[in-house]
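Numbering (the working numbering), first residue to last: 1014 to 1738. Ideal placement from N, C-alpha and C gives every residue a C-beta, glycine not left out. For clarity, every value in this text was computed on a predicted model and none was experimentally measured. As structure tokens, the structure follows; a few thoughts come after it.
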């Protein structure tokens, strides 16, 4: 993330200790969960794009845009104004989404914009990149690698460094110093000279243009990896990066190790990984061309410079050859926290020299959901009470950078996955069952993950809301990013007042979004719409949802400010999740179905009880969720208090109107509610099913999957209306 933005921030010391040190590693955290480990058989991968170059809350505006498909003439090129990288345009470049920096020069640097992540019209998805640096370059193998093949960004630095080092080392030996003493003195002299270098070699492929190179042209995930590999073979790499690219069939993981060396693997379906800003790959079979794409000299270079490392069986270890196995502190804390969150029984300790990259859960029956992915990106050591996020260090403690590592005056403070520097957390959910052009679902929270709601969209949308387009560099009330950033700033500065109130509110909203998204997924898996009709529908639905969510964010922002000024009613409002807005209609009309209407965010009985159990003793959360009996209820909604329920209703086809589905959220349900047995529910469903048309329409074929899923989904409840089905 953002390696070249240091030009503006550290212009006088681009290659100094600050740049090559751990501050550059406090940049991104990512994860992958294979499809065999998820509840619904989808791949999950995601990344938090972080901006760690400001002392206060990270403030770095991002946009969310759609690049239209474009045809180019022979001779036209991509130009990255940050790195000097140029590459021929494809004759036809596909439509794709991207999340670039708002502060960009559209004329001089159109493609050096840090596009971050996106889908293209072929259904390929990509997150780029996790900025990748050696753990401790001063003492690790990468220093040896950099003598022959540094990243372009650092080439002038290392050229000057080794020129001075060789002269100083020889002089120290001639003066009678031991080899160890000569190396130490030469290193100090060389570093002192080289840190004044401010030049950088131009031309290599960097993070800043990765999305804009790959997504317009790659029709498969493998083709995306091959595009990057070809560019590095021909032009070199500007900086170190880790990339994830997926399609509906497979997912690839790639590490760019040096100026011209890289390794990519087809990610196993039965593994999970958590990876911040360093190298992780172990041994691979370079002859397995189906599952491995690698530069031809990756092992030969390491051998030649004396960096090659092997395991006890003689297998070449990639990461340890190009780095060290001694993780920097801010990497270690995030790896350990992520593994223990996904696998609490994992047999690891905080101080292990290294962690296996490809992991299996200790419990073989463990399956993961999209909510687990949210939890990764929001995690602040809630599951590890022995640690606290380092952005909570009191004034009496300190945090310093020493030799490319962070050192705290108290060991309890660690760098968290859900840290203050997050600006663009995103999660991709890739289903093999959705039509190819959809790509999958992305869940994006454009702002700090800890206090920003995720919002889902399909990869085939054709437009994004205007609130994602503001290029303001300071607070803009009409900007999604700036509103989210301000909410997080206000909550973080007043944590004793708000605690997790805002995050809990967004979690309740996200449960409703998940239910709504599941309905869409079920429909589109079998709808057989034209690509144009599907894109039109999902774009309308996304724009409508974004409008509701952004308006809710503005309400929350206002209530937070009122609560800070002592307004107890505003604070009570924020605690009460029944005040969340209705979600908008879904556009299913293209197949003859009337729109599905999600009227209110929904929690199941189990989820409400679980939230109540964990939060009833939390002074930051209202005691508004009483224990709810785990029974199915047929309720007459007109007798229910308006603040005691959350509704979701559906209109499946014109000849049948399903009754509103209700999930109670308060402890006082009206005593006139009638309890129905499961047999009565099943009988009602059978009666309803038999009344449906038996034609081959998409809607009638979908009844079984939508109807029964509707009941099972989040343990929702059917309300009895005037017509007794």
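Excluding the 5 residues flanking it on each side, residue 1272 has same chain C-beta neighbours closer than 8 Å at 1162, 1163, 1164, 1165, 1168, 1217, 1249 and 1250, in chain order. Contact check for residue 1057 and residue 1442: beta-carbon distance about 6 Å, within the 8 Å limit, so the pair qualifies. In the three-state DSSP reduction, residue 1286 falls in the strand class (E or B). Runs of the beta strand (DSSP E) spanning 3 or more residues and lying entirely within the stretch 1255-1315 occur at 1264-1269, 1275-1279, 1285-1288 and 1305-1307, in chain order.
When the five nearest sequence neighbours on each side are left out, the beta carbons in the same chain lying within less than 6 Å of the beta carbon of residue 1042 are those of 1061, 1289, 1347 and 1430, in order along the chain. Taking the C-beta atoms as reference points, residue 1287 is found nearer than 8 Å to residue 1352. Taking a C-beta distance under 8 Å as the contact criterion, residue 1144 and residue 1220 qualify as a contact pair. DSSP, reduced to helix, strand and coil, places residue 1484 outside both helices and strands of the structure shown, so it counts as coil. In the DSSP assignment, residue 1524 forms no beta bridge with any residue. When the beta-carbon positions are compared, residue 1438 and residue 1462 come within less than 8 Å of each other. Annotation for residue 1126: 1113, 1114 and 1117 place their beta carbon closer than 6 Å to its own, counting only its chain and skipping 5 residues before and after. The beta carbons of residue 1485 and residue 1493 sit no closer together than 8 Å. Here residue 1423 is exposed. Its C-beta has fewer than 16 other C-beta atoms within 10 Å.
Here residue 1440 is not near residue 1514, since their CB atoms are 8 Å or more apart. Going by C-alpha positions, residue 1094 is about 29 Å away from residue 1176.
Secondary structure note for residue 1060: its beta strand (DSSP E) is the uninterrupted segment 1056-1063. According to DSSP, residue pairing for residue 1131 in a beta bridge involves 1139.
For residue 1438, the uninterrupted beta strand (DSSP E) segment begins and ends at 1435-1443.
Looking at the DSSP output, residue 1454 sits in a beta bridge with 1442 and 1471. Annotated three-state conformation of residue 1401 is strand, per DSSP. Within the same chain, Cβ atoms closer than 7 Å to the Cβ of residue 1284 are found at 1047, 1371, 1372 and 1373, the five residues on either side in sequence being excluded. Annotation for residue 1393: 1402, 1429 and 1431 place their beta carbon closer than 6 Å to its own, counting only its chain and skipping 5 residues before and after. Rounded to the nearest angstrom, the gap between the Cα atoms of residue 1301 and residue 1189 is 51 Å. Only exposed fits residue 1490, as fewer than 16 other CB atoms lie within 10 angstroms of its CB. Per DSSP, the beta bridge partners of residue 1218 are 1250. A distance of 8 Å or more separates the beta carbons of residue 1203 and residue 1185. The secondary-structure analysis by DSSP pairs residue 1045 across a beta bridge with 1058 and 1286. Excluding the 5 residues flanking it on each side, residue 1099 has same chain C-beta neighbours closer than 7 Å at 1090, 1091 and 1092, in chain order. The secondary-structure analysis by DSSP pairs residue 1502 with nothing; it has no beta-bridge partner. Rounded to whole angstroms, the gap between the alpha carbons of residue 1323 and residue 1362 is 23 Å. Considering only 1410, 1343, 1156 and 1276, the residue with the shortest C-alpha distance to residue 1320 is 1156.
If you draw a straight line from the Cα of residue 1470 to the Cα of residue 1563, it is about 15 Å long.
For residue 1386, the three-state secondary structure derived from DSSP is helix.
Judged by DSSP in its simplified three-state form, residue 1089 adopts coil rather than helix or strand. If you look at residue 1192, you'll find it in the alpha helix (DSSP H) that goes 1192-1207.
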